[in-house]
Amino acid sequence: MRALLKATPNLIAYKNSTDQYMTTASLRGGDRVLHVAWPDGTSADFPFLWLRDNCPSGFHPQTRERQFDLTSIPLELSVTNAALENGNIVLTWDDGDHISRYDPEWLYDHRPGFGLSDPAGVEPVLWRGDLPPNDLPRASALDLMSSDDALLAFLVESKKTGLSIVDGMVDDKNAGMAIAQRIGFLRETNFGTTFEVMSKPNPNNLAYTSHALPLHTDLANQELPPGFQFLHCLANEAEGGGSTFCDGFAIAADLKTTDPDAFRLLAETPVPFRFHDDDYDIRRHHMVIDLDAFGNLHELHFNAHLAGIFDLPADRMEAYYRAYRKIMQMTRSEKYVMTTRLEGGEMVIFDNRRVLHGRAAFDPNTGFRHLRGCYVDRGEFDSRIRVLSRSKG
Ligand code: OGA
Ligand code: ZN
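Structure representation (structure tokens):
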């Protein structure tokens, strides 16, 4: 028979290491929670099932992966006793003799409703066409290659703006890749692990011509378009070939206030994107403005040259075109577009799912232009920020 909860709340109080403040924990059986109050005035309720699911004994000691099987306990599982032992909160469960021990600081860090703090959870700082290119985050290749602190600071700044510059790159076509690999493994695509942006015979991509490229995000036709893009400028000696960038999050945020109907259509209507050549036919529907599960701006998919043939119902087509044309016009507006020119020895890094990039046409008869590109996905980028932040305490 299941033991009854104690009628009176089971109160634990103990002093922290400075012997000054008290953390308290009490069982609230009616609500099926453990209530914990910390010395800084914070308090939180921890549901019994959550506590059991996250009992430290349920995790593999080396891999830190959960081995506990949630189906092995009843939904009505209860705590019969709470006590203090060596600074830990110790719970006794009513389904046998299982005991769980929790570090109050660990509980603090995982309060329900708040989530674990994240060094990579860097808020985007939106920018518009009036941001001078010289104000972009900038670092030297040597610093990034030799100093973890410099790399961490630069990655965090790059996440804020979604766009940054590395200078002092050696004239070696692998130099950009070496920096990208300091961050994480490279994202391979149908264009390779790295790709050469230059005017080529028989191009399978408009980037491999000398034509202008309107602002776009790369590979919107992919199931998951690449995250951060690295374009190392090895030579930019032709006439033309200047670069353009705009912050897609700023455009989306402004559209939401100035034309909410257009914003909603772009955020709710999947449209097709497609790349096809002799070897591949890669297709995917995406929203142009993609919101995450919390309703925050997550990513943009905007690429007029890879946009497929719109396939929404005829009676919704014109309204969609109005919205799509509106955001397209914003990507042409001085209000949003930053114009700059990459020099040999510079590398631009940008979040390809936030910042749109483009270039002016160039004349290949007047000089050589060669950028070498690669991608590192957002997940690896964020992971590097977290791992480099560990030593910061
Ligand atoms: C690309 C691209 C920009 C440039 O390769 O996807 O947009 O400056 N290149 O050539
Ligand atoms: Zn591109």
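Under the numbering used here, residues 12 to 404 are what the sequence shown spells out, in order. Where is the CB? At the ideal position from N, CA and C, for every residue including glycine.
Neighbourhood of residue i by C-beta distance below 8 Å, restricted to the same chain and skipping five residues each side
i	result
L217	L224 and H316
E199	none
C76	The amino acid occupying residue 76 in the given sequence is Glu; Cys does not appear at that position. Same-chain partners within the cutoff: F70.
L197	M188, A191, T204, T205, C385, Y386 and V387
T53	Y119 and R122
S128	D120
R383	K184, G187, M188, T205, F206, E207, V208, L242, H243 and L245
Three-way DSSP call (helix, strand, coil) for residue i in this model
i	result
N307	coil
D42	coil
S157	helix
F125	coil
L382	strand
S400	helix
S221	coil
N247	strand
E354	coil
G390	helix
G259	helix
Q233	coil
Check: residue i C-beta below 7 Å from any heavy atom of the ligand OGA
i	result
H368	yes
L224	yes
V208	yes
Y384	Reading off the sequence, residue 384 comes out as Gly, not Tyr. Yes; taking the cut-off as 7 Å, the Cβ of G384 has a heavy atom of the ligand OGA nearer than that.
S221	no
S254	yes
Residues near residue i in its chain [Cβ-Cβ closer than 7 Å; skip 5 each side]
i	result
G179	S151, A152, L153 and G356
D322	P283
H222	A372
L230	T200, P236 and P237
N232	F284, R285, F286, I293, R294, R295 and L317
A18	Its pLDDT being 30, under 50, A18 is placed unreliably by the model, and nothing is read from it.
Distance cut-off 7 Å: residue i Cβ against heavy atoms of the ligand ZN
i	result
H227	yes
A164	no
A410	No answer is possible for residue 410: it lies beyond the span of the chain, which begins at 12 and ends at 404.
Any non-hydrogen atom of the ligand FMN within 7 Å of residue i CB
i	result
S175	Ligands present in the displayed structure are limited to the ligand OGA and the ligand ZN, and the ligand FMN is not among them.
Supposed contact pair residue j and residue i - C-beta distance, whole angstroms, cut 8 Å
i	j	result
I262	T342	7 Å
P237	N363	5 Å
A249	D374	6 Å
L311	D301	7 Å
Chain D within 8 Å of residue i, Cβ atoms only
i	result
R77	Considering every chain present, this structure includes no chain D. It has just one protein chain.
Beta-carbon contacts of residue i that lie in its chain and below 6 Å, excluding the five residues immediately before and after
i	result
V167	V133
L276	Y331 and A334
D56	V44 and H46
Within the stretch 308-338, note down every full alpha helix (DSSP H) run reaching 4 residues or more, in order along the chain. none
Ignoring anything shorter than 4 residues, give me the alpha helix (DSSP H) runs that lie fully in the stretch 56-136, in order along the chain. 59-64 and 115-120
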